[in-house]
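Going by this note's numbering, the residue at position 314 of the sequence shown is 320; the numbering climbs one at a time, nothing skipped.
Every residue, glycine too, gets a C-beta built ideally from N, C-alpha and C.
Computed from a predicted structure; not experimentally measured.
Worksheet: one structure, shown below.
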Amino acid sequence: MFGKLTINAIPLHEPIIMYTIYFVFLLFLIISITITYFKKWKWLWNEYLISLDHKKIGIMYIIMSIIMFIRGFADALMMRSQQAIVSSGKTGFLTSNHYNQIFTAHGVIMIFFMAMPFIIGFMNLIIPLQIGARDVAFPFLNSLSFWLFFVSALLINISLCIGEFAQTGWLAYPPLSNKQYSPGVGVDYWIWSLQISGIGTLLTGINFIVTILKMRAPGMSLMKMPIFTWTSLCSNILIVLSFPILTVTISLLAFDRYLGAHFFTNDMGGNIMMYINLIWAWGHPEVYILMLPAFGIFSEITSTFSKKKLFGYKSLVLATIVITILSFIVWLHHFFTMGAGANVNSFFGITTMIIAIPTGVKIFNWIFTMYKGNIKYNSAMLWTIGFIISFSIGGMSGVLLSVPGADFYLHNSLFLIAHFHNVIIGGVVFGCFAGITYWFPKFFGFKLNEKWGVRAFWFWISGFFISFLPLYALGFMGMTRRLSQNINSNFHTLLIISAIGTLIILIGIICQIIQFYISIYNKKTNLDITGDPWDGRTLEWFTSSPPKIYNFAIIPVIKDIDAFWNIKNNKNPLEIKKFKSIKIPKNTCIGLIISLFVLIFGFSMIWYIWWLSLISIISIISILIFKSFNITNYYKISKEDIIKNESSFMEL
Ligand SMILES: [Cu+2]
């Protein structure tokens, strides 16, 4: 009846996991009671859960990614302390089995369920506002994408309570991920959570490409688009080109595991190398999917807080396009050691080095934007400068790794771990923090507390260097990644330093939590923003803060790259006689319901509960057919209501 699922699937014998589960349930209970006490369920449902508004969906994405970030960071803390303890000769608190699940979950969560939704959250929040659109091109699809992401994140968290997670590393290389070597449900959790979130991401990619190409304000030619929108466009093109590869690769692995196919097995004509090639043909572009929008965020911030036009806008756009193309011809640098031969290795080594050129161009763009600028060193700007420094270090260690000869020595060592954390934390994570600081007042009407923001930055950046610089050295000393038992005592001192660094990052995170708390608590006293808090340049600041549901009462005509700057200086006031009524799509819970069935489908596939899979797939198809007869409903906001809405904004 329940396939492989029995009561033994609950890890009662693992105290760490059980306490975590109790704690999370307690937290959920407290939150539910609070919502019930304040009678906010209806508000939550109508305003957020079933909303098709890109702003609400963006906020939900970011909240989810912050929650997943805390889980991924807890994994990191456990790994760093385990290694520090074990290298002293003591037995650690984690078994190898559990440790392997932790590093797999850490990688998967941080990339798929933290970085991706963070970046997609920003795209949702900002792109329509920056291009002068009222929403994304397909609001319903957007809600479906979010809920698919949400249930896939739920699925990976369910693996903590029921069953286990993969012990294969974040990309689940076969033959280890084959049925023969991973007979449990861990890899199946990996397969279905990634498959579901991957499809959600693909839908997002299509949605934003159409939005950016078709819904720009009049006069906004491609070369007048704000830079964040440009980098997001390239990122979404990468999504649409690369995510299908991921979907197919994971499907083939599922065929191997479920139906005994032999795509990626050792024997019967299977080819393991095919998997590694395919997964990295997605995996390398994925890095730029995350990185490019973060570059965009830093560009906007640098220009705003240096009070200057972005230096070399055209070269920045060109560099972004070049990176987009190059990112598809470097994937083999992830497996130089697999014997492709000197010619192939040198081709991919050289293309990898070439990527450093457009990236270097960008670094100079930011530095020259700051040059002779009237720079305001607030926390958003500090994150940006911290990024430039750590990304340069990470980038240079990347060029080092792109030399196949050096890679033979350093691959699979902690040097590699230090390299990619240098670029991903210094790039994407700092980018997200900078973006939150910068755009928070846009969506909530008040600024985040600066004092705690600056404190968080200093703890973060020092903790970050203290925890990752030792890893470069450890890599040179020959310490391989993913060690959990019997670690050489020569590594002890550096591992202790690294663990201390992680604790300093923890203090940084606590500062951020305090920052949010204080900012929200003091909201009434610092509610000083109705339009533009920073003297911004791009179009999103043309709207009220927070923006109205329709974003723009009148869509402005664009004459310059810094559209809002231009509007401000030419004084382009809203004129009541130009107002027209606006159509807004009605909320719907269909995306949420479809995703719930997708969740049931994934869960039943993992546990071999075939009848439930059948029921859920039939339900999904029926709802889709039903939905196709029920194309998005709209409601109208009348001209009179808009005039009433805008009057307070216009008086400014
Ligand atoms: Cu790569």
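For Lys62, the enclosing alpha helix (DSSP H) starts and ends at His60 to Val92. Put simply, the backbone Cα of Lys220 is about 16 Å away from that of Asn130. Excluding its 5 nearest sequence neighbours in each direction, Ala260 has C-beta neighbours in its own chain below 7 Å: Ile197, listed in chain order.
Of all alpha-carbon atoms in Phe144, Met279 and Met116, the one lying nearest the alpha-carbon of Phe342 is that of Met279. When secondary structure is reduced to three states using DSSP, Ile588 falls in the strand class. The DSSP-derived three-state label of Ser419 is strand.
Residue environment for Leu18: exposed (fewer than 16 other C-beta atoms within 10 angstroms of its C-beta).
Nearest neighbour of Ile63 by Cα position, chosen from Leu147, Val429 and Leu296, turns out to be Leu147. Listed by position along the chain, the residues with Cβ atoms less than 6 Å from a non-hydrogen atom of ligand 1 are His290, Val293, Val336, His339 and His340. About 15 Å separates the Cβ atoms of Ala462 and Gly507, ruling out a contact at the 8 Å cut-off. With respect to the 9 Å criterion, Gly469 and Ile511 are classified as neighbours on the basis of their beta carbons.
DSSP links Lys642 through a beta bridge to Lys589. Ser610 and Pro145 have their C-alpha atoms some 29 Å from each other. The three-state reading of DSSP puts Thr486 in strand, counting E and B together.
By the C-beta density criterion, Gln201 is buried, having at least 16 other C-beta atoms within 10 angstroms. In this structure, Met122 sits away from Thr174, with a CB-CB distance that is not shorter than 9 Å. Pro250: member of the alpha helix (DSSP H) spanning Ile233 to Leu265, first to last residue.
Counting only the Cα atoms, Tyr264 lies some 59 Å from Phe585.
In the DSSP assignment, Tyr444 falls within the alpha helix (DSSP H) that extends over Phe436 to Phe450.
Per DSSP, Cys595 is not a residue of any alpha helix (DSSP H), being assigned neither H nor E.
Sequence-distant Cβ neighbours of Lys368 in its own chain, meaning closer than 7 Å and more than five residues away, are Phe301, Leu322 and Ala325.
Phe144 sits in coil when the DSSP states are folded into three classes, being neither helix nor strand.
Under the DSSP assignment, Phe393 falls in the alpha helix (DSSP H) whose first and last residues are Ser385 to Leu407. Around Met387, the same chain offers Ile307, Phe311 and Ile381 as residues with beta carbons nearer than 7 Å, after the five sequence neighbours per side are excluded. Cβ contact annotation for Gly225 (same chain, cutoff 7 Å, sequence separation greater than five): Val563, Ile564 and Lys565, in chain order.
In this structure, Tyr556 and Ile590 form a Cβ contact; the two beta carbons are roughly 6 Å apart against a cut-off of 8 Å.
Contact annotation: the segment 135 to 142 does not touch the segment 75 to 89, with fewer than three C-beta pairs closer than 8 Å. Ranking Cys438, Cys517 and Ala424 by CA distance to the CA of Lys457 puts Cys517 first.
In the assembly as shown, Trp49 is an exposed residue. Its beta-carbon has fewer than 16 other beta-carbons within 10 Å.
In this structure Phe214 is buried. Its beta-carbon is surrounded by 16 or more other beta-carbon atoms within 10 angstroms. DSSP places Gly169 outside both helix and strand once states are collapsed to three, so it counts as coil.
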